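In what follows, a structure is listed as structure tokens, so that the remarks can point back to it.
There are 2 protein chains.
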Amino acid sequence: MARAATTTDAFNAVAEPRRRQILDLLAQGERPVNDLVELLGLAQPQVSKHLRVLREVDLVHVRDEGRQRMYRLNAEPLKPIHDWLAKYEQAWSERFELMDEVLEELKETERDDGSND
Amino acid sequence: MARAATTTDAFNAVAEPRRRQILDLLAQGERPVNDLVELLGLAQPQVSKHLRVLREVDLVHVRDEGRQRMYRLNAEPLKPIHDWLAKYEQAWSERFELMDEVLEELKETERDDGSND
DNA sequence: TTGACGTATTCCGTTATGGGAATATGATTG
DNA sequence: CAATCATATTCCCATAACGGAATACGTCAA
């Protein structure tokens, strides 16, 4: 087996920086492909290809507008990532680091005998 | 150019479900490799390989304990993912959906003429 | 219809993945 | 030292990504 397809889920789709950039741009509002091409400084085919991936994991929605195609963000598929991260969030919070120190101190104390009196 | 290496950053490392599982297990505390092997039901070499990737992006730390190797979670590299997601969080919150509805209603009102009285 | 514009698809080459299987390395025990 | 346990590395294979270049498709204007 090889690496999971980028279209497997949001985790994989979003691992690519360009696709994150695209989402960031779309977060500001609907945009046609050529806008993205210009803003990203990428070749048009590459942008279309990235958009295809994002479409397949439902991170963007498209709407036809004449010859243009308006892409719009759909953030919902990002939720599972956020949910998964939730349990780690405390790990980088200041309060947690503080608790870590306290635990260290407790260990020290125990090692000193346990009966401190 | 090919797809970015899994060891490029946490985004890529964590796109693989097994590696997320490993982090989930380590979130409960330090563990030797064989523990993970058993809990994951994977072959030992695969686990070691996944751990290597996680090590390279600094998502785990190792400590030698006799012949065992104790792996410990280091969640900090996950922070960039969380930070990136922050701007999308509102997109799936109830309050935002509510605001969406209100905006829709406003549009309706405007379309009706603007002066409703 | 023809041409031009906006976008999508296809083909290419390079690179790396992840699992399986086998084997290598390191530490401990007898 | 030899045997064993714990873990890491290597080799193999099938699969696919990403960028570049070329091209196909769909719509609108003249």
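Protein chains in written order, with the numbering used here: chain A, 1 to 117; chain B, 1001 to 1117. For each residue, glycine too, the CB sits at the ideal point set by N, CA and C. Here the structure is a predicted model, which means the values were calculated and not measured.
Using the C-alpha atoms, what's the distance from residue j back to residue i?
| i | j | result |
| --- | --- | --- |
| Ala91 of chain A | His82 of chain A | 15 Å |
| Ala1005 of chain B | Arg52 of chain A | 21 Å |
| Tyr71 of chain A | Leu1036 of chain B | 43 Å |
| Pro1080 of chain B | Asp64 of chain A | 34 Å |
| Leu42 of chain A | Glu1056 of chain B | 30 Å |
| Pro45 of chain A | Gln68 of chain A | 15 Å |
| Val1033 of chain B | His1061 of chain B | 12 Å |
| Val47 of chain A | Glu1089 of chain B | 25 Å |
| Ala119 of chain A | Asp1058 of chain B | Because chain A in this structure spans residues 1 to 117, residue 119 of chain A falls outside the shown range and cannot be described. |
| Thr1008 of chain B | Leu1085 of chain B | 19 Å |
| Ser1093 of chain B | Pro77 of chain A | 13 Å |
| Lys87 of chain A | Met1 of chain A | 30 Å |
| Arg31 of chain A | Pro17 of chain A | 19 Å |
List, in order along the chain, the chain B residues whose C-beta lies closer than 8 Å to that of residue i?
| i | result |
| --- | --- |
| Met76 of chain A | What sits at residue 76 of chain A in the sequence shown is Glu, not Met. Result: Ala1091, Trp1092. |
| Ile81 of chain A | Ile1081, Leu1085 |
If the cut is a Cβ gap below 9 Å, which residues of chain A does residue i touch?
| i | result |
| --- | --- |
| Ala1027 of chain B | Lys87, Tyr88, Ala91 |
| Lys1049 of chain B | Ordered by position in chain A, no residue passes the 9 Å Cβ test against Lys1049 of chain B, which lies about 13 Å from the chain. |
| Glu1016 of chain B | Arg3, Ala4, Phe11, Asn12 |
Within the continuous alpha helix (DSSP H) that includes residue i, where are the two ends?
| i | result |
| --- | --- |
| Gln1044 of chain B | 1044-1056 |
| Glu89 of chain A | 79-89 |
| Leu1023 of chain B | 1017-1026 |
Listing by chain order, which chain B residues have their CB less than 7 Å from the CB of residue i?
| i | result |
| --- | --- |
| Arg20 of chain A | Trp1084 |
When the distance is taken between beta carbons, is residue j closer than 7 Å to residue i?
| i | j | result |
| --- | --- | --- |
| Asn1074 of chain B | Ala15 of chain A | no |
| His50 of chain A | Arg19 of chain A | yes |
| Leu39 of chain A | Leu23 of chain A | no |
Beta strand (DSSP E) containing residue i: first to last residue?
| i | result |
| --- | --- |
| Val33 of chain A | First-last for Val33 of chain A: 33-40, but that is the alpha helix (DSSP H), not the beta strand (DSSP E). |
| Asp1009 of chain B | Taken as a continuous stretch (DSSP letters only), Asp1009 of chain B belongs to no beta strand (DSSP E), as it is neither H nor E. |
| Met70 of chain A | 68-73 |
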